[in-house]
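All you need for the numbering used here is the position in the sequence shown, starting with 1, plus 76.
To start, the structure itself, in structure tokens.
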Amino acid sequence: MKVIIDEEECLGCETCVELCPEVFKMNEDKGKAEVILPEGGPKECIEEAIDSCAVSCIHWEK
Ligand code: SF4
Numbered sequence: 077m078k079v080i081i082d083e084e085e086c087l088g089c090e091t092c093v094e095l096c097p098e099v100f101k102m103n104e105d106k107g108k109a110e111v112i113l114p115e116g117g118p119k120e121c122i123e124e125a126i127d128s129c130a131v132s133c134i135h136w137e138k
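Shown next, in the form of structure tokens:
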């Protein structure tokens, strides 16, 4: 399982980055979040970010 962000949908609100900076980082050029640690990141904060994303654009991919 790895975590992915649907960049098309991302609002660049930074919520996921604040909740889980080990896994998500802002791409300042694009104004979108990106995944820097798709596997092996802390699952709890990834789940929290998934639940908190306003547009539900963070997903687990098998
Ligand atoms: S919480 Fe969702 S919309 Fe906000 S920056 Fe992260 S992926 Fe984008």
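From the three backbone atoms N, C-alpha and C, an ideal C-beta is built for every residue, glycine too.
Spatial distance of residue i from residue j (CA atoms)
{"i": "glutamate 104", "j": "glutamate 110", "result": "10 Å"}
{"i": "glutamate 83", "j": "cysteine 133", "result": "8 Å"}
{"i": "cysteine 121", "j": "isoleucine 112", "result": "14 Å"}
{"i": "lysine 78", "j": "lysine 138", "result": "7 Å"}
{"i": "isoleucine 80", "j": "isoleucine 126", "result": "10 Å"}
{"i": "glutamate 90", "j": "methionine 102", "result": "7 Å"}
{"i": "proline 97", "j": "lysine 119", "result": "12 Å"}
Residue range of the alpha helix (DSSP H) that includes residue i
{"i": "alanine 125", "result": "119-128"}
{"i": "valine 131", "result": "Here valine 131 belongs to no alpha helix (DSSP H), and DSSP marks it neither H nor E."}
Buried/exposed call for residue i, threshold 16 Cβ in 10 Å
{"i": "leucine 87", "result": "exposed"}
Limits of the beta strand (DSSP E) - the one that residue i falls within
{"i": "valine 93", "result": "Run containing valine 93: none in the beta strand (DSSP E); it sits in the alpha helix (DSSP H), 91-95."}
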